[in-house]
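Protein chains: 2
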Amino acid sequence: MKVLRLNPPKLTVLKIGGSVITEKSEELTPRMQDINRLADEIKNAAIQNLVIVHGGGSFGHPVAQKYNISSGFKEGNQQGFAETHHVMTVLNGLFMDALIWRDIPAISITPSSCITTKKGRIQSFDEARFKALIKMGFLPVIYGDAVLDSELGFTILSGDQLVAHIATRFDTGRIIIGVDVDGLCSADPKTEKTAKMYEHLTLAELKTLQSQICKPMSCDVTGGMLGKMTELLPAVEHGIPVMIVNAKKPNYIYKALKGEDVQGTLIEKE
Amino acid sequence: MKVLRLNPPKLTVLKIGGSVITEKSEELTPRMQDINRLADEIKNAAIQNLVIVHGGGSFGHPVAQKYNISSGFKEGNQQGFAETHHVMTVLNGLFMDALIWRDIPAISITPSSCITTKKGRIQSFDEARFKALIKMGFLPVIYGDAVLDSELGFTILSGDQLVAHIATRFDTGRIIIGVDVDGLCSADPKTEKTAKMYEHLTLAELKTLQSQICKPMSCDVTGGMLGKMTELLPAVEHGIPVMIVNAKKPNYIYKALKGEDVQGTLIEKE
């Protein structure tokens, strides 16, 4: 696969989890204070060649689940697709508002307008436009969305798949994953007090960890973080380091962007 | 040029002018009452194979003009492009909100995510995705936007150019242009009491009218309507009738969509 080279510095792909910018337990509830704080941190870090991907949290997930959008188009469930896409544009709009009015030249990219999947995996994505935006000094912002699928009619495209796709298609220096926990842990840190956080993992160690943990996603004892890492594995295999940090803690994203020491889990190929 | 055929009925392209859904004299001011009324009319008309295009009004125009976006990318004016695109997504979001919560399966399509222009004219547009949406029973909603341009870097793409492009590329039965005046008049009906409205014009009559009126757009005595028609001429030449109606008057858009008698200007090839 041909990797598209950018001018130095290499691309930084920053993922902001839906659980950070929305109240997961309350449908359609943004966490405006965190959105604004993160916009400040992104502004202050002033990183070149940055791409932001954000998740859906309590905007995308409840609507998509209610209509079972990920299983595809069925006569009569068009409204569910329309609603899922719409609420994601609303969440994206709130995030963009925070960036734009801080004079950050951020451009939202609507996945459903430019990406088609095949059985849930990205099949086509217009890289030329994406590359042009970065070259012109823009900060592209893309997000998990309901998208058209060449086999299923439509489905859900996760932010994590977008992160891995963009990072492996462009000359990417690092991926920063901002979540609502401190890093990848041996158990769910929200419920298990004995949970131990991994500060550094190699690809081999990560794979061993995955094989030790029971297979179905539903019993992922790490609280979903290991499942998330499965989607990001191709990027690590490409040699792109992945840093998982707690985006709810002030200045953690800022420090990660600046390359300063910050608590979290660093995953590297070797 | 190959025309892409859809299942019958043929496509209806409905343009809603920015002057209808925004307060043109007040920056960033939506006319929510008209947005909601139009959403009701669109819901009640229940037309199949409908596409909606809307303009920017006091959202897109003032920001685009402030930064002179239509003349292209210059080092330092990225923020203007970002702001223009952002405010257009905000206006589109308000319009989408009104449609979606009336259970209309409307999908917004972001021009800057899927269209590139060349010197201001549409160069690439993903018709496959657009066609798939219509076939699945969705109502695509697209709008004037700031887009990337292969020669200028970026520029402004008008809703009127989108109307003509979509209508001529698909098997379109009619175009309905919803504006804030009663139709195409011999003078600006907002300022000239003697202005006479044309109820019917052939392509030849329209061209004669254009040649009689002084050339520069800035002295278009019809109040901008004749300039707008220049963009729509290719569609009329394709044999697609264009109906101009006052979208501020209740039920005019509803009647036009239903094919009922309504005051306005009908322009046909012959």
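Taken in sequence, the protein lines are chains A and B.
Take 1 as the starting number for the first sequence in our numbering and just add one per residue.
Take 271 as the starting number for the second sequence in our numbering and just add one per residue.
We put the CB at the ideal spot given by N, CA and C, even for glycine.
HIS61/A: contacting residues in chain B (beta-carbon distance under 8 angstroms)
Result: empty, since nearest Cβ-Cβ is about 17 angstroms, beyond 8 angstroms.
To the nearest angstrom, how far is the alpha carbon of LYS313/B from that of LEU320/B?
11 angstroms
What in chain B is Cβ-close to GLN78/A, meaning under 8 angstroms?
PRO375, MET406, GLY407 and PHE408
DSSP three-state label for TYR524/B, please.
helix
Using a Cβ-Cβ cutoff of less than 8 angstroms, which residues in the same chain neighbour GLU26/A once the five nearest sequence positions on both sides are dropped?
SER58
Chain A residues whose Cβ lies nearer than 7 angstroms to that of SER383/B:
ILE109, THR110, SER113 and CYS114
Counted within 10 angstroms of its Cβ, other Cβ atoms place GLU353/B as buried (16 or more) or exposed
buried
Interface partners of ARG129/A on chain B, CB under 7 angstroms:
THR386 and LEU418
Against VAL360/B, what residues of chain A qualify as contacts under a CB-to-CB distance less than 7 angstroms, listed in chain order?
GLY93
Can you list, in chain order, the residues of its chain with a C-beta nearer than 7 angstroms to that of TYR524/B? Leave out the 5 residues immediately preceding and following it.
GLU311, ASN314 and ALA315
Can you tell me whether THR461/B is buried or exposed, with buried defined as 16 or more other CB within 10 angstroms of its CB?
exposed
Simplified DSSP state of ASP367/B, which is helix, strand or coil:
helix
Would VAL53/A and VAL163/A qualify as a contact pair, given that the criterion is a beta-carbon distance under 7 angstroms?
yes
When we look at the beta-carbon of GLU540/B and count the other beta-carbons within 10 Å, is it buried (16 or more) or exposed?
exposed
Sequence-distant residues of its chain with Cβ nearer than 7 angstroms to VAL512/B (five each side left out)
ILE445, ILE447, LEU502, ALA505, VAL506 and ILE537
Determine, using beta carbons only, whether GLU27/A comes closer than 7 angstroms to chain B.
no
Taking the beta strand (DSSP E) that GLU199/A belongs to, which residues open and close that run?
Per DSSP, GLU199/A belongs to no beta strand (DSSP E) and is neither H nor E.
Environment of ALA398/B [buried if 16+ CB atoms lie within 10 Å]
exposed
As an exercise, report each continuous alpha helix (DSSP H) stretch of at least 4 residues that is fully enclosed by the segment 115 to 142 of chain A, in chain order.
127 to 135
Per the contact definition of three or more C-beta pairs closer than 8 angstroms, is the segment 135 to 146 of chain A in contact with the segment 88 to 107 of chain A?
yes
Output, in chain order, the set of chain A residues within a Cβ distance shorter than 9 angstroms of PHE395/B.
Those do not exist, as PHE395/B stays about 11 angstroms from chain A at its closest Cβ, beyond 9 angstroms.
So ALA309/B contacts chain A; which residues on that side make the cut at Cβ distance below 9 angstroms?
None at all; the shortest Cβ gap to chain A is about 13 angstroms.
List the endpoints of the continuous beta strand (DSSP E) containing LYS285/B.
281 to 286
Closest by CA to ILE21/A, which one among SER71/A, GLY153/A and GLN33/A?
GLN33/A
Mind pulling the alpha helix (DSSP H) runs of 4 or more residues that sit fully within the segment 141 to 172 of chain A?
159 to 169
Keeping to the same chain, check which residues put their C-beta closer than 7 angstroms to that of ILE317/B; ignore five residues upstream and five downstream.
THR282 and LEU527
Run down chain A in chain order and give the residues with a C-beta less than 7 angstroms from the C-beta of HIS355/B.
ILE107
When the cut-off is 7 angstroms and only beta carbons count, does ILE156/A lie next to chain B?
no
Pull up the DSSP beta-bridge partners for HIS324/B, would you.
ILE286/B and TYR413/B
Taking buried to mean at least 16 other C-beta atoms within 10 Å of its own C-beta, is ALA437/B buried or exposed?
buried
When you compare the CB positions of GLY326/B and MET366/B, do they come within less than 7 angstroms of one another, or not?
no
Could you give the DSSP three-state label for SER25/A: helix, strand or coil?
coil
Is DSSP giving GLY80/A helix, strand or coil here?
helix
Since LEU157/A and THR110/A are thought to touch, with beta carbons under 8 angstroms apart, how far apart are those beta carbons, to the nearest angstrom?
Contact flag wrong, Cβ pair sits at about 11 angstroms.
Tell me which residues share the same chain as MET467/B and place their Cβ nearer than 6 angstroms to its Cβ, disregarding the 5 neighbours each side in the sequence.
ASP452, GLY453 and CYS455
Return the residue from the list LEU476/B, LEU422/B, VAL515/B and GLY534/B that minimises the CA-CA distance to ASN338/B.
LEU422/B
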